[in-house]
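Novice: Numbering (the numbering used here) for the sequence shown: 862 to 1068.
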Amino acid sequence: MVELFRSLSKEKVFYNAVQRSWAFHVDMYPVVAEGISKCKPPVKFDGLPLIVQNVLKEKKHYYCTGIEREICRIDSEIKNQLFPFQLEAVKFAISRKGRLLIADEMGLGKTVEALAVASYYRNEWPLLVVCPSSMKYTWVEEIENRLSFVKSNQIVVLNTGRDSLPNPSDCSVLIISYDFMVNQSEALIGRKFSVVILVCLISCIGQ
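Here it is as structure tokens:
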């Protein structure tokens, strides 16, 4: 099957080296399904229910064609890092005014998608990133590497509840933990952040 997957258009197939798994654009489903059906020895393949296939095919109608003109506002450097399926996710996010849950599998680029969407709204910054404490400096590194227009001294990380919120003019990005968000909820509400990324980690027990 690997040979089948490798023969597909690189723009519509993605290999996750961490999980050793393949992801395909929905347009490739008939080709993949037919190829698997011809494998020898036979491979058990349940396939997608027809109703699911139809819903996936209709996704292109979820946002207007005018979104193609809008994506020029995405930072060009991060835009060039996106795979086609990631760019589709960013377009969908913009069509929903940036309000959505990115639920891609691990390793498929949720971070770069979120930052690309955030860059589209950079005129409404500062950006607030809320994440588990252990990931705060991972996000610093991602922002420094992905968003060339953000300077290192414009990223502020708050580590304790005693830290005070910086003035909006003093930073482009504020990174805090969920504990800090709870403890300083009133102050955060008062700042009225317009662009927010909430980073969620879900532990799957028994998998």
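Quick reminder that beta carbons are idealized off the backbone N, C-alpha and C, glycines included.
Measure how close the beta-carbons of VAL990 and ILE1050 come, nearest whole angstrom, since I'm counting them as under 8 Å.
Specialist: ILE1050 and VAL990 do not touch by the CB rule: their CB atoms are close to 17 Å apart, not below 8 Å.
Novice: Please report the distance separating the alpha-carbon of ILE1066 from that of MET967.
Specialist: In this predicted model, ILE1066 has a pLDDT of only 38, less than 50, meaning its place in the structure is not dependable enough to derive any value.
Novice: How is CYS933 classed by DSSP in three states: helix, strand or coil?
Specialist: helix
Novice: Considering Cα atoms alone, identify which of PRO902, VAL978, ASP936 and THR1021 is closest to SER956.
Specialist: VAL978
Novice: To which residues of the same chain is ALA954 closer than 6 Å at the C-beta, ignoring the five residues directly before and after it?
Specialist: LEU961 and VAL978
Novice: Helix, strand or coil: which one does DSSP assign to CYS1065?
Specialist: The predicted model places CYS1065 with a pLDDT of 41, which falls under 50 and marks its position as unreliable, so this point remains unresolved.
Novice: Determine the closest residue to VAL1060 out of PRO987, CYS992 and MET996, with distance taken between C-alpha atoms.
Specialist: Considering only PRO987, CYS992 and MET996, the residue with the shortest C-alpha distance to VAL1060 is CYS992.
Novice: Cβ atoms of VAL973 and GLN942: under 8 Å apart, would you say?
Specialist: Yes, the Cβ-Cβ distance between GLN942 and VAL973 is below 8 Å.
Novice: Where does CYS900 land, buried or exposed, given buried means 16+ other C-beta within 10 angstroms?
Specialist: In the assembly as shown, CYS900 is an exposed residue. Its beta-carbon has fewer than 16 other beta-carbons within 10 Å.
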